[in-house]
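Colleague: According to my numbering, the sequence shown is numbered sequentially starting from 212.
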Amino acid sequence: KLCEGILNILEKDTPTSCQVACLEALRILSRDKKVLVPVTTKRNLQILMKLAKLDTVEDPLERVSEFPVIVEALKCLCNIIFNSAVAQKLSSELNLAAMLCNLLEKCKDQQFVDDIKCFDLRLLFLLSLLHTDIRSQLRQELQGVQILTQALESSLSVRWTEQYKAAEDRDRPPLSLQETDCAIEALKALFNVTLDSWNVHSENESHQFRYMAAILRHCLLTTGPTEDKTEELH
């Protein structure tokens with residue numbers, strides 16, 4: 212009942228601070244699988260997707276004041292989809308993967324979106340881990356390899372000297388914690404999406420994998436903010 216009450220509030224036009232507080236409470240409650248059973252419905256997932264700006268294809272991310280709401284909604288979706296087989300099935304019906312790819316594209320060249328990008332990538336990782344159909348959809352229909360590789364490239368701030376050769380800057384400072392976390396989530400999602408890609412058929416796929424290999428090499432030469440984070444990144 213508490214979760215249902217929170218979602219009823221979130222469906223209304225409430226102030227941002229109230230939305231964030233409600234989503235934080237829902238995120239904690241959504242760790243309990245038993246709590247999720249009565250509230251995992253298409254309507255409730257759509258409420259969260261709307262708050263995460265996953266229902267708007269054209270609208271850019273402009274209002275920075277809304278960013279904390281987007282992040283908390285994505286965190287809730289991560290918990291719910293991880294803990295609920297029903298939510299995993301509904302995510303496919305609602306075409307959630309395509310909406311996440313669209314949101315990731317909106318994050319390009321934007322400021323203050325690292326947290327949005329990180330939890331978008333984490334949700335793509337979970338979907339591609341838990342749902343083989345979505346893994347195939349990402350690879351074949353949604354240009355998932357390209358989108359995820361570009362997200363990784365952006366997180367690592369790769370500079371190119373040649374087509375498949377990244378610049379090596381040994382004096383470069385370590386990545387920030389946010390940059391490292393984004394890169395790690397992108398790598399995890401890429402692993403799932405390319406898991407069955409041992410047989411490359413087209414020239415475009417060949418280019419894409421050579422491009423990815425150059426970024427992965429750069430990744431191995433990059434350090435994170437701590438020794439543990441560097442190890443996790445590698």
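Ideal Cβ positions, reconstructed from N, Cα and C, are used throughout, including at glycine.
(1) Pairing CB atoms from the region 423-430 with CB atoms from the region 367-384, are three or more of them under 8 Å?
(2) If we ignore side chains and look at the alpha-carbon of each, how far apart do N294 and A236 end up?
(3) Quick check: what's the CA-CA separation for T252 versus L213?
(4) Skipping 5 residues on each side, what residues in its chain have a beta carbon closer than 7 Å to that of V275?
(5) Just to confirm my understanding: we take L301, look at its own chain, exclude 5 residues before and 5 after, and list those with CB closer than 6 Å. What are they?
(6) Using the Cα positions of P385 and D266, report the straight-line distance between them to the nearest angstrom.
(7) Which same chain residues, not among the five before or five after Q321, have their C-beta less than 7 Å away from its C-beta?
(8) Helix, strand or coil for A263, going by three-state DSSP, please let me know.
(9) Based on Cα-Cα distance, which residue from Q361, E373, L398 and A378 lies nearest to Q419?
(10) Pick out whichever of C229, N290 and E283 has its Cα sitting closest to the Cα of R242.
(11) Could I get the ranges of all uninterrupted beta strand (DSSP E) runs contained in the region 325-403, with 3 residues as the minimum, in chain order?
Modeller: Reading it off the structure:
(1) Touching, per the Cβ criterion.
(2) On the sequence shown, position 83 is the one that residue 294 refers to. On the sequence shown, position 25 is the one that residue 236 refers to. Cα atoms of N294 and A236: separation of roughly 16 Å, rounded to the nearest angstrom.
(3) Walking along the sequence shown from the start, residue 252 turns up at place 41. Walking along the sequence shown from the start, residue 213 turns up at place 2. Spanning the two alpha carbons is a distance of roughly 15 Å.
(4) Locating residue 275 in the sequence shown gives position 64, where the first residue counts as 1. Answer for V275: F323, listed in chain order.
(5) Translated into positions along the sequence shown, residue 301 becomes position 90. Around L301: K253 and L256.
(6) Here residue 385 is taken as the residue at index 174 of the sequence shown, counted from 1. Here residue 266 is taken as the residue at index 55 of the sequence shown, counted from 1. So the two alpha carbons sit approximately 36 Å from each other.
(7) If you number the sequence shown from 1, residue 321 lands on position 110. Taking C-beta separations shorter than 7 Å and ignoring five residues to either side along the sequence, the partners of Q321 in its chain run L272, following chain order.
(8) Translated into positions along the sequence shown, residue 263 becomes position 52. In this structure, A263 counts as coil in the three-state DSSP scheme.
(9) For the purposes of this step, residue 419 is taken as the residue at position 208 of the sequence shown. Minimum Cα distance to Q419 is reached at Q361.
(10) By 1-based counting over the sequence shown, the position of residue 242 is 31. Cα-wise, what sits closest to R242 is N290.
(11) 371-373
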